[in-house]
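> Here it is, the structure, as structure tokens.
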């Protein structure tokens, strides 16, 4: 990992950029632990997954009674879309499934369907550094 942060506050909080291939930058050390999620290191327990599913099912049922649709759409993060730019030492799903994959598995029988389609962005322009 290369620390190119110059702000002492960032260093104190352990939030540093990770230099990827072609000088692509990824954020590490933040509270979301996105790299840990991507590699499958971040543990989300069954109770947390059940709570998320229950809340979305309640929303789904609430809107269904009003004859309205409910869509749970999860937008893929930068690390998922641009994983080809991650440094070689970062491997998606190296330690297991990511929290979103675990949630999708758990929600497979739920009436509230989750839409998570990272492949939609697979052909995105490599120069889309604004993301």
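Numbering (our numbering), first residue to last: 505 to 635. No residue lacks a Cβ here, since even glycine has one placed at the ideal position from N, Cα and C. All values reported here derive from a predicted model rather than from experimental measurement.
(1) Do the stretch 571 to 579 and the stretch 587 to 597 make contact, defined as three or more Cβ pairs closer than 8 Å?
(2) Is the number of C-beta pairs between the stretch 549 to 565 and the stretch 530 to 541 that are closer than 8 Å three or more?
(3) Find out if the Cβ-Cβ distance for the pair residue 621, residue 544 is shorter than 8 Å.
(4) So is residue 586 buried or exposed if we call it buried at 16+ other beta carbons inside 10 Å?
(5) Pick helix, strand or coil for residue 530, following the three-state DSSP scheme.
(6) Less than 8 Å between the C-beta atoms of residue 565 and residue 530, yes or no?
(7) DSSP three-state call for residue 657: helix, strand or coil?
(8) Tell me whether residue 521 sits in a helix, a strand or coil according to DSSP, three-state version.
(9) Which first and last residues belong to the alpha helix (DSSP H) in which residue 552 is found?
(10) Between the alpha carbons of residue 666 and residue 569, how many angstroms are there, rounded?
(11) Taking only the alpha-carbon atoms, compute the straight-line gap between residue 556 and residue 603 and give it to the nearest angstrom.
Answer, in terms of the structure:
(1) no
(2) no
(3) no
(4) buried
(5) strand
(6) no
(7) Look at the range of the chain in this structure, 505 to 635, and you will see that residue 657 is not part of it.
(8) strand
(9) 550 to 569
(10) Here the chain has residues from 505 to 635 only, and residue 666 is not among them.
(11) 11 Å
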